[in-house]
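J.: A single structure is presented below for examination.
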Amino acid sequence: MTNNTITITDNRTGKKIDLPIKDGTMGPSTIDLNGIKGGLYDNMGLFTLDSGYSQTASCKSAITFIDGDQGVLLHRGIPIEELAENSGFLETAYLLIYGNLPTKPQYDSFCWEINHHSMVNEQLINFYRGFRRDAHPMATLVGAVGALSAFYQEETNISDPNIREKAMIRIIAKMPTLVATSYKYSIGQPFVYPRNNMHYTANFIHMTFSVPCEKYEVNPVFERALRKIFILHADHEQNASTSTVRMAGSSKANPFACISAGISCLWGPSHGGANEAVLKMLQEIGDKKNIKPFLDKVKAKEANTRLMGFGHRVYKNYDPRAAVLKKSCHEVLAELKIHDPLLELAQELEAIALSDEYFIERKLFPNVDFYSGIIFRAMGFPLSMFTALFALARTAGWVAQWNEMMSEPTQKIDRPRQLYTGQTKRPYVPMEKR
């Protein structure tokens, strides 16, 4: 990193201060307020206001790099396209956590650890029976992941790097079991135990769709598509849920509580719920003949009319994850040979939007949520499971980000400031005088 400075002047007082500028290995430089002796407030009497933190770096990280203008997503320097085409999900998880791709012995050991920690305590299974039968899978998942801290109390000692590593492995290993259990509970089917002889993604599909009374064969096309989705969703820099995990972790909360907090944030329709919103939009359109009138409303910016699954807050060009998933989407639909009006409607919408100058000029291309939602529906997942699947994949990034933060020697509890706009000091008025 190189260090430079920029000078700012307070026009009210004429006072000047030099702010240090830090360069990372890639991406924009940052004004390092941590590098000011005494801080910006002590020197100038100022805070900074950045709603949504869209221009503020909350941390240093070596895990994921995004260039939204160029459509670039790198994990530890490796392009997401290469990982999706050549890697497995657990290999990608290893890369995120440890910083490099594993050797064969390292990979085999990591997979063994994951496979042999995939079961959960039987009492935790009983925990599900306390929920209403119609509970949303994300609601049960938030509770179940948070409850892990009651069963694996050793992992709450986060000051020990070895215990942190064990906690990360346990969380990644148990998440497919908990997500599948949340699904099974929601539809009233018996829970299916994980199998140590199956790969991570295949094991999850088996736990989700098999039943004890008959043999179930995992479709390799499904497994390949879901593996790619998991890799593409594994991490995405300092998004809302990852920042939530880091903020919860900054108080030294146990890792299970931190991941549960991340799941809660992911549940929001503006974040992980976006792929659900795509399917809801398609249901509202209803028929191919309604696509053009719907797009006309989008162009006219009519109230309550949004084109979901197109464009991205970060990517001002094409979402690199969508390019990979588009191919998988069409492979799954070709494999199934099904005639689902909603899926056919999605394909027609994609074709029309990609050829419309309005959307081309504004670079409103289909994003990863558009294609993942279609794939999930084609595979038989109900709408309520879409965000839970996202959480399963993002767990790898969450634990990597959490561990990186916990390994930072200067780590301290997060405490954002505010621009106060309320009442100035005033006296209390007794009730009889109000």
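In our numbering, the protein residues as written are 390 to 823.
Note that CB positions come from ideal geometry on N, CA and C, so glycine has one too.
Return yes when the Cβ of PRO526 is within less than 8 Å of the Cβ of ALA785, no when it is not.
T.: Not a contact, by the Cβ cut-off of 8 Å.
J.: Can the beta-carbon of TYR574 be found closer than 8 Å to that of THR529?
T.: Yes. Within cutoff.
J.: If we count the other Cβ atoms within 10 Å of its Cβ and call it buried at 16 or more, is ASN475 buried or exposed?
T.: Burial call: exposed.
J.: Would you report the Cα separation of LYS677 and PRO417, rounded to the nearest angstrom?
T.: Rounded to whole angstroms, LYS677 to PRO417 spans 43 Å at the Cα level.
J.: Report whether the distance from the Cβ of ASP407 to the nearest heavy atom of the ligand NAP is below 7 Å.
T.: Absence of the ligand NAP from the depicted structure is noted, as is the absence of any ligand whatsoever, leaving it without description.
J.: Run the CB neighbour count on ARG553, radius 10 Å, all protein chains shown included, and call it buried at 16 or more, exposed below.
T.: Classification of ARG553: buried, given that the 10 Å Cβ count is 16 or more.
J.: Excluding the 5 residues preceding and the 5 following TYR747 in the sequence, name in chain order all residues of the same chain whose CB lies nearer than 6 Å to its CB.
T.: Around TYR747: LYS688.
J.: How many angstroms separate the CA atom of HIS595 from the CA atom of TYR809?
T.: Going by the C-alpha atoms only, they are around 53 Å apart.
J.: Specify, as a first and last residue, the run of the alpha helix (DSSP H) that PHE619 falls within.
T.: From DSSP, the alpha helix (DSSP H) with PHE619 extends over 609 to 621.
J.: So, using beta-carbon positions, are VAL757 and LEU615 closer together than 8 Å?
T.: No; because the gap between Cβ atoms is not below 8 Å, this pair is not in contact.
J.: Hey, could you find the ends of the beta strand (DSSP E) VAL667 is sitting in?
T.: Where VAL667 is concerned, there is no enclosing beta strand (DSSP E), although the alpha helix (DSSP H) it sits in stretches over 663 to 674.
J.: With distance defined between alpha-carbon atoms, name the residue in ALA663, VAL713, ARG710 and TYR704 nearest to ARG695.
T.: The shortest Cα separation from ARG695 among ALA663, VAL713, ARG710 and TYR704 belongs to ALA663.
J.: Which value, in whole angstroms, describes the spacing of the CA atoms of PHE645 and SER632?
T.: Near 15 Å, if we compare the C-alpha coordinates of SER632 and PHE645.
J.: Would you kindly check if the distance between the Cβ of GLY661 and the Cβ of SER630 is under 8 Å?
T.: Yes, Cβ-Cβ distance for SER630 and GLY661 is below 8 Å.
J.: So, are the CB atoms of LEU781 and MET564 less than 8 Å apart?
T.: Result yes, Cβ atoms of LEU781 and MET564 sit closer than 8 Å.
J.: So MET508 and VAL788 are in contact, right, with Cβ under 8 Å, and what is the actual spacing, rounded?
T.: That belief does not hold up - the Cβ atoms of MET508 and VAL788 are roughly 19 Å apart, past 8 Å.
J.: Buried or exposed: which applies to LYS404, given that a residue is buried once 16 or more other Cβ atoms fall within 10 Å of its Cβ?
T.: With fewer than 16 Cβ atoms within 10 Å of its Cβ, LYS404 is classed as exposed.
J.: Tell me which same chain residues have a C-beta within less than 8 Å of the C-beta of PHE598, skipping the five on either side of it?
T.: Once the five neighbours on either side are set aside, the close Cβ partners of PHE598 are TYR605 and GLY769.
J.: Consult DSSP for LEU808 and reduce its assignment to one of helix, strand or coil.
T.: In the structure shown, LEU808 sits in coil (DSSP, three-state: anything other than H, G, I, E or B).
J.: For the beta strand (DSSP E) that contains HIS588, what are its first and last residues?
T.: Neither: HIS588 is in no beta strand (DSSP E) and is coded neither H nor E.
J.: Check whether the Cβ atoms of LEU668 and LEU772 sit closer than 8 Å, and answer yes or no.
T.: Going by C-beta atoms, LEU668 is nearer than 8 Å to LEU772.
J.: What three-state label does DSSP hand ILE455 in the structure shown?
T.: Looking at ILE455 - three-state DSSP - the assignment turns out to be strand.
J.: Do you know how far the Cα of HIS625 is from the Cα of GLY424?
T.: For GLY424 and HIS625, the distance between alpha carbons rounds to 27 Å.
J.: Are the CB atoms of VAL634 and GLU470 within a distance shorter than 8 Å?
T.: No, the pair does not count as a contact, with Cβ atoms beyond the cut-off.
J.: Can you give, in chain order, each stretch of the alpha helix (DSSP H) that sits fully within the stretch 695 to 755 and has at least 4 residues?
T.: Correct list: 709 to 725, 730 to 743 and 746 to 750.
J.: Please report the straight-line C-alpha distance between ASP439 and SER447, rounded to a whole angstrom.
T.: Roughly 11 Å separates the two Cα atoms.
J.: Which residue marks the beginning of the alpha helix (DSSP H) containing PRO409, and which one marks its end?
T.: Here PRO409 belongs to no alpha helix (DSSP H); instead the beta strand (DSSP E) covers 405 to 411.
J.: Out of LEU513, SER548, LEU738 and PRO550, point me to the one whose CA is closest to GLY532's CA.
T.: Considering only alpha carbons, the answer is LEU513.
J.: So what's PRO494 in DSSP terms, helix, strand or just coil?
T.: Looking at PRO494 - three-state DSSP - the assignment turns out to be helix.
J.: I need the boundaries of the beta strand (DSSP E) containing VAL600, first residue and last residue.
T.: Counting along the chain, VAL600 falls outside any beta strand (DSSP E), and DSSP gives it neither H nor E.
J.: By a C-beta neighbour count over all protein chains shown, 10 Å radius and 16 as the cutoff for buried, is MET415 buried or exposed?
T.: Exposed.
J.: Alpha carbon to alpha carbon, what distance is there between TYR572 and PRO601?
T.: Using only the alpha carbons, I get a separation of about 15 Å.
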